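Below is one structure, written out as structure tokens; comments come after it.
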Amino acid sequence: MSLHLDELATQIATLDPAEQDALWEKVAALNFQRGLEALAQKYRTRLAAEGTLDQTADTVMAELKKLREEIAADDYRT
Amino acid sequence: MTIGPEWVVLDTNIWIFGLRHQPEQPACAQVLQHLPQLHVKVPRQVLLELQANLRHEEMREFFRLLHRNMGHTDLRWEQVELARIRTYQRRGCKLGDAAVAAHLEVLGIGTLVSENRDFLYEIMGLPFRVLRAVDFLRELGGVE
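Residue numbers (my numbering), protein chains in the order written: chain F, 1437 to 1514; chain U, 164 to 307.
See below:
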């Protein structure tokens, strides 16, 4: 693994600075997308256990609208 | 003169449909996959709604992710003046939508991505445009 990383680092060091920047951006984007997918998976697993993963988009939207009003009424109560 | 990136706001429904992988709304998950290329502000109302939908641990993971995407994501916890919210209520917005609209105006946001039909078709004269996820993705064609 260490040898493989050394080879990879050597290859990356041959890239010009702009290419290296583009590479780090791509690595960061891939890491972000993996993290997001892991979070989505965890969320979906929880919803499935609660029996709400199969709700239709209309049902979810109706609940989100109701929640929006409740939260705003509480946050901006005068 | 330097022109900065265009910041957009994703409505709560885009985040939630995207995380759920809602079968009727596949474009929402695709929008979230583009986050590293976007500049996204998350207004208070959306943050509070996400907090209400996600468990504490899930929310922590969410914040950790956004922190990693720093420079591309801006969390805005501040409240908006009630008078500005009332202006949008007078135009026909419900209180919650009015809070979102008022915050977008304060933040100078030009685009809200949302599947909320009230925003998309019912309320006229908003100072920002409202795009469905699929239309936003179409525009993103040139982002990468």
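For every residue, glycine included, the Cβ atom is placed at its ideal position computed from N, Cα and C. Since we're looking at a predicted model, the values are computed, not measured.
Original post:
Is the Cβ-Cβ distance between GLN252/U and ARG207/U less than 8 Å?
Top reply: Here residue 252/U is taken as the residue at index 89 of the second sequence, counted from 1. Here residue 207/U is taken as the residue at index 44 of the second sequence, counted from 1. No, Cβ-Cβ distance for GLN252/U and ARG207/U is not below 8 Å.
**OP:** Using a Cβ-Cβ cut-off of less than 8 Å, list which residues of the segment 1486-1500 of chain F approach chain U; keep chain order.
**Re:** LEU1489, THR1492, ALA1493, VAL1496, MET1497 and LEU1500
**OP:** Answer with yes or no whether the minimum CB distance from LYS257/U to chain F is below 8 Å.
**Re:** The sequence position of residue 257/U within the second sequence is 94, counting from 1. Yes - at least one Cβ of chain F is within 8 Å of the one on LYS257/U.
Original post:
Of the choices GLU244/U, GLU224/U and VAL209/U, whose alpha-carbon is the least far from that of TYR1479/F?
Top reply: Numbered from its first residue, the first sequence carries residue 1479/F at position 43. It is GLU224/U.
Subject >> Inter-residue Cα distance where the pair is GLU220/U and ARG231/U >> reply: Along the second sequence, read from residue 1 onward, the residue named residue 220/U stands at position 57. Along the second sequence, read from residue 1 onward, the residue named residue 231/U stands at position 68. The alpha-carbon atoms of GLU220/U and ARG231/U are separated by roughly 17 Å.
**OP:** For LEU198/U, return the contacting residues in chain F, with the cut-off set at a CB-CB distance below 9 Å.
**Re:** Residue mapping note: residue 198/U aligns to position 35 of the second sequence, counting from 1. Neighbours of LEU198/U on chain F, chain order: ALA1465, PHE1468, GLN1469 and LEU1472.
**OP:** Please decide whether ARG247/U counts as near chain F, where near means a Cβ-Cβ distance under 8 Å.
**Re:** On the second sequence, residue 247/U is found 84 positions in, with the first residue counted as 1. Cβ-Cβ to chain F under 8 Å: no for ARG247/U.
Original post:
Which runs of the beta strand (DSSP E), 3 residues or longer, sit entirely within the segment 212-276 of chain U?
Top reply: 236-239 and 274-276
**OP:** Flag this pair as yes or no: are the beta carbons of GLU212/U and LEU1500/F separated by less than 8 Å?
**Re:** One-based indexing of the second sequence puts residue 212/U at position 49. One-based indexing of the first sequence puts residue 1500/F at position 64. Closer than 8 Å, so yes.
Subject >> Cβ distance (whole Å) where ARG218/U is taken to contact ARG1482/F below 8 Å >> reply: Counting from 1 along the second sequence, the entry for residue 218/U is found at position 55. Counting from 1 along the first sequence, the entry for residue 1482/F is found at position 46. At roughly 7 Å, the Cβ-Cβ gap stays under 8 Å, so ARG218/U and ARG1482/F are in contact.
Original post:
Does the pairing of the segment 264-279 of chain U with the segment 289-302 of chain U give three or more beta-carbon distances under 8 Å?
Top reply: yes
Original post:
CB VAL1505/F to CB GLY288/U, shorter than 8 Å?
Top reply: Sequence index remark: in the first sequence, residue 1505/F carries index 69 (1-based). Sequence index remark: in the second sequence, residue 288/U carries index 125 (1-based). Note on residue identity: the sequence assigns Glu, not Val, to residue 1505/F. Cβ distance not < 8 Å, so GLU1505/F and GLY288/U don't count as in contact.
**OP:** Please work out which residues of its chain come closer than 8 Å, Cβ to Cβ, to VAL209/U, disregarding the five sequence neighbours upstream and downstream, and give them in chain order.
**Re:** In the second sequence, counting from the first residue as 1, residue 209/U sits at position 46. So the list reads VAL172, LEU173, ASP174, THR175, TRP178 and VAL263, once near-sequence residues are dropped.
**OP:** Anything in chain U within Cβ reach of GLU1505/F, meaning under 8 Å, just list it in chain order.
**Re:** Taking the first sequence and counting its residues from 1, one reaches residue 1505/F at position 69. By Cβ distance, chain U contributes LYS257, LEU258 and GLY259.
Original post:
Does ARG1513/F come within less than 8 Å of chain U when only Cβ atoms are used?
Top reply: Looking up residue 1513/F in the first sequence gives position 77. Cβ-Cβ to chain U under 8 Å: no for ARG1513/F.
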